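**Q**
Residue numbers (the numbering used here): 46 to 668.
1. Which partner residues does residue 632 have in the DSSP bridge list?
2. Since residue 596 contacts residue 581 with CB under 8 angstroms, what's their CB separation in whole angstroms?
3. How would you write the range of the beta strand (DSSP E) that residue 621 sits in, first residue to last?
4. According to DSSP, is residue 71 helix, strand or coil?
5. Which residue wins for smallest C-alpha separation from residue 615, given the options 256, 120 and 588?
6. So, helix, strand or coil for residue 651, using DSSP?
7. For residue 179, which residues from the same chain have a beta carbon less than 7 angstroms from its beta carbon, with the 5 sequence-adjacent residues on both sides left out?
8. Just to confirm my understanding: we take residue 634, look at its own chain, exclude 5 residues before and 5 after, and list those with CB closer than 6 angstroms. What are they?
9. Which class does residue 374 belong to by DSSP, given the choice of helix, strand or coil?
10. Hey, which unbroken runs of the beta strand (DSSP E) at 3 residues or more fall wholly within the stretch 374-439?
11. How is residue 598 classed by DSSP in three states: helix, strand or coil?
12. Tell me the DSSP secondary structure of residue 312 in three-state form.
13. Pop quiz: residue 145 and residue 139 are said to be a contact at Cβ under 8 angstroms. What is the actual Cβ separation, rounded to whole angstroms?
14. Quick check on residue 254: does DSSP put it in helix, strand or coil?
15. What residue range is occupied by the uninterrupted beta strand (DSSP E) comprising residue 517?
16. Just the C-alpha distance for residue 110 and residue 174, rounded to the nearest angstrom, thanks.
17. Please state the DSSP three-state secondary structure of residue 485.
18. Alpha carbon to alpha carbon, what distance is there between residue 64 and residue 607?
19. Below 8 angstroms on the Cβ atoms is my guess for residue 427 versus residue 387; work out the distance and round it to an integer in Å.
20. Quick check: the stretch 443-451 against the stretch 487-500, are at least 3 beta-carbon pairs closer than 8 angstroms?
21. Assuming residue 676 is part of the beta strand (DSSP E), what are its boundary residues?
22. Assess, as a yes-or-no matter, whether the stretch 78-92 is touched by the stretch 373-381 under the definition of 3 or more beta carbon pairs within less than 8 angstroms.
23. Could you check where the beta strand (DSSP E) with residue 537 kicks off and where it finishes?
24. By the three-class DSSP mapping on this structure, what secondary structure does residue 273 have?
25. Using three-state DSSP, classify residue 352 as helix, strand or coil.
26. Assuming residue 497 and residue 569 are in contact, meaning their beta carbons sit under 8 angstroms apart, how far apart are those beta carbons, in whole angstroms?
27. State the beta-bridge partners of residue 525 as determined by DSSP.
28. Using a Cβ-Cβ cut-off of 6 angstroms (strictly less than) and excluding sequence neighbours within five positions of residue 437, which residues of its own chain qualify?
29. Who are the Cβ neighbours of residue 322 in its own chain at under 8 angstroms, not counting the five residues just before and after it?
30. Hey, how far is the Cα of residue 67 from the Cα of residue 241?
31. For a test of the three-state rule: what should DSSP assign to residue 282, helix, strand or coil?
32. With the cut-off set at 8 angstroms, would you say residue 405 and residue 91 are in Cβ contact?
33. With a threshold of 8 angstroms on Cβ separation, who are the neighbours of residue 319 within its own chain once the five nearest residues in sequence on each side are excluded?
34. Evaluate contact between the stretch 259-267 and the stretch 285-293, counting only Cβ atoms and requiring at least three cross-stretch pairs below 8 angstroms.
35. Would you please state the rounded distance, in angstroms, between the beta carbons of residue 191 and residue 168? I believe it to be under 8 angstroms.
36. Near residue 534, what residues of its chain come up, given a Cβ to Cβ distance below 6 angstroms and the 5 sequence neighbours on each side ignored?
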């Protein structure tokens, strides 16, 4: 091992702190001043140095103001209540909308306005309710969701003198977190749905609600701070316990940040309103842990920081350590993406597509040939395969250039194994030259002009599993070196010169496998054993950062959520899928991909789960 004295001519940055991905990634929670009166289910608004909380459980009337270090009691509400709409206005000008009082739960339609000194009753909302979201100002506000006698989808707008009912939310929810600084640009996140909690997020654009990327952590009674395009949500009740989770919204996606010091839900106050644009300086006060608390925490993100860059080398002079910035694959996470338009499993996918430009095709049920494209948020239906099929279980290429072959061709009776091959150009499918040997449940990896199709089952000559492998050059299929053991229903990933297959089954009984076999463009060699016996698992990425997800596990038949990463030599477990399932289609790289559709009990699913890996600073061990 080289000594530093031998390489010291290489320029290494000296930094006092580690690099970070963004301002928000470097943020942390710290203690603030305690409330005079512990509370939860109140409202809160304002900034980190000029905040206001009011009301709370058991019809509290108490109001307190925050100056960044301590709380001061000021004039009470006219009507004590809790569970009103949150995050409207500022420290000196806010609304308390609706809510509930004792005897529990007496729903309120009353609205009170704070002018910096006292509360005044103003025009009632049209629909009495509790646990709503809110955003905007005292002259232009929005209130939506909550509980009436049931979960509400109702939305109302305030123009400074009256309330008007407008377009409903897509999903009725209560105990919502709110982001937004106006009545025309707001976000409602998470909350309670029926007897469960939700990760759903909806965005209001001034006329309608649209579902956007889910938060990663479910919960009701989460806090929120910030705007339509930049904010954080935090805490929440996520049975069996309270959450400390914090997530950052950048206008298109959510990223997990440093946790609250005290896990809690139903916070007595949090920033919001028209002056809260800086989610980099948020606060939370009160809430419920296993009891009511008065604790305040302040979230602060650094305004000056060293930007993280993949592959950078630096010396941290504070900790006296050499570090390199790399993708922290073991810490990768799965999060919810947009649902397919059609639930399906055992379909094909363009394994080398990206998270924001993906492709799946074929399915387990009539009409068998449906194609959908993914833009990173939602799926759209495209032109069908010319010959609908299922159990092709493979595809090579991208969203605009993909090839698939084989599968069950369900036209007529009985269904039969096909050698058909089709190519996709981003718009439509074109039939090309057939495989030399028809098969189902084969695996395919590579590109649309240089791909490898491996193994499969039920060859044209009769039932069974095959060892044959075929290469595609953009025009025709050519037989090449067989795999060592006949295998079907396996996962695969990589390119035509550096790929691998893993798992699968050796016969129709089925007897599952836990082997990995690597392809170098010419021959097959054994790789590290896959950790579990599983079939119908999907894969994406490269032979050095490859992701395998889900499958159907034997000998104890069960759908699996287990995921593993391959480093070129061996597999190691990473975060599991949220839904155990088999027969998914995988697209992407080892650091950003997705697994779509699949099968679980009792049948096909439409969900998409996205895989993401962040950069991290890793200490270099030196002699």
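Beta carbons: idealized from backbone N, C-alpha and C, even for Gly.
Because the structure is a prediction, the values reported are computed rather than measured.
**A** Taking the structure as given:
1. 639
2. 5 angstroms
3. Careful: residue 621 lies outside any beta strand (DSSP E) and carries neither H nor E.
4. helix
5. For residue 615, the closest C-alpha among the options 256, 120 and 588 is that of 588.
6. coil
7. 130, 131, 132, 133, 142, 186, 187, 188 and 223, listed in sequence order.
8. 586
9. helix
10. 378-381, 403-406, 416-419 and 424-427
11. strand
12. coil
13. About 19 angstroms; that fails the 8 angstroms criterion.
14. strand
15. Taken as a continuous stretch (DSSP letters only), the beta strand (DSSP E) holding residue 517 covers 514-517.
16. Cα to Cα, the separation comes out at about 26 angstroms.
17. Residue 485: strand per DSSP, three-state reduction.
18. Using only the alpha carbons, I get a separation of about 32 angstroms.
19. With a Cβ gap of about 12 angstroms, residue 427 and residue 387 do not count as contacting.
20. yes
21. Here the chain comprises residues numbered 46 to 668, so residue 676 is not present and cannot be evaluated.
22. Output reads no: the stretch 78-92 does not touch the stretch 373-381.
23. 536-539
24. Residue 273 falls in the coil class under three-state DSSP.
25. strand
26. Not quite, the Cβ-Cβ distance comes to about 10 angstroms (not below 8 angstroms), so this is no contact.
27. 514
28. 393, 407, 449, 451 and 452
29. Note that residue 322 has pLDDT 42, beneath the 50 cutoff, so the model's placement of it is unreliable and no number is given.
30. 33 angstroms
31. strand
32. no
33. The predicted position of residue 319 is uncertain, since its pLDDT is 34 and thus under 50; no value can be drawn from it.
34. yes
35. About 18 angstroms; that fails the 8 angstroms criterion.
36. 486, 549, 550, 580 and 581
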